[in-house]
Amino acid sequence: MNIGFEEEDLDTGYCSCPYDHGGYCKHIVATLLVCLYQPELIEQRPSLEEILDRLNEVQTQTLIQDLVANNPQLLDDIEYFADQVAPLYVTTSSPETLPQRQITVDAHRIKAKVRYSLRDAVRYIEEGWDEEIGTEEISSLIQE
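This is how it looks when you write it as structure tokens:
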């Protein structure tokens with residue numbers, strides 16, 4: 123179970139029980155009552171930042187690899203993030219060393235960027251946003 127607060131207001135509530143009739147299940151309500159009447163019994167989970175700060179670089183990489191092994195769909199999000207932080211690069215050979223210009227690109231990364239842009243476009247269309255969403259991102263990839 124997970125309950126989140128925004129200042130003093132209930133922001134999110136999640137329970138893995140099968141209750142599906144609107145509102146909050148009895149487990150969330152009971153937990154909120156304990157929060158109200160016996161707050162000293164409630165253990166506050168450390169923030170994600172606090173948890174990650176305890177890990178060194180190797181442990182963080184191991185964690186990410188394990189998460190992707192269990193949730194392969196995370197790879198697209200991780201790759202997208204990495205592309206934002208360390209953008210896709212294009213290397214060219216020097217004209218003096220080769221008679222023709224050679225361009226090296228990572229086709230897998232480009233495919234992942236296109237896939238991510240298309241996935242975002244579908245989400246935007248489903249939510250009623252502009253139907254041209256995604257075309258700009260793909261066009262900029264083509265220009266690269």
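So for the sequence shown, the numbering used here puts the first residue at 123; every next one is plus one. Beta carbons: idealized from backbone N, C-alpha and C, even for Gly.
If residue i and residue j are in contact, beta carbons under 8 Å, what's the gap, nearest whole angstrom?
i	j	result
C157	I164	5 Å
T153	I125	6 Å
A243	E201	Incorrect: roughly 17 Å between the Cβ atoms, too far for contact.
L174	T182	7 Å
Y238	D198	6 Å
Going by CA-CA distance only, name the one from the options that's closest to residue i.
i	options	result
F203	A243, R231, Y246 and Y141	R231
C139	E128, P161 and M123	M123
D205	V236, E171 and P168	V236
L88	L155, A229 and H143	With the chain running from 123 to 266 in the structure shown, residue 88 is simply not present.
Q195	T134, E249 and R241	R241
C137	K148, E130 and D188	K148
List the endpoints of the continuous alpha helix (DSSP H) containing residue i.
i	result
D142	That residue, D142, is in no alpha helix (DSSP H); it is neither H nor E in DSSP.
I196	Note that residue 196 is Leu in the sequence shown here, rather than Ile. Note, L196: alpha helix (DSSP H), L196 to V207.
L154	K148 to Y159
L189	E179 to N192
L170	L170 to D175
The beta strand (DSSP E) with residue i in it runs from where to where?
i	result
V232	Here residue 232 turns out to be Ile, not Val, going by the sequence shown. No beta strand (DSSP E) holds I232; the alpha helix (DSSP H) holding it covers A229 to E248.
N124	N124 to E128
L132	D131 to Y136
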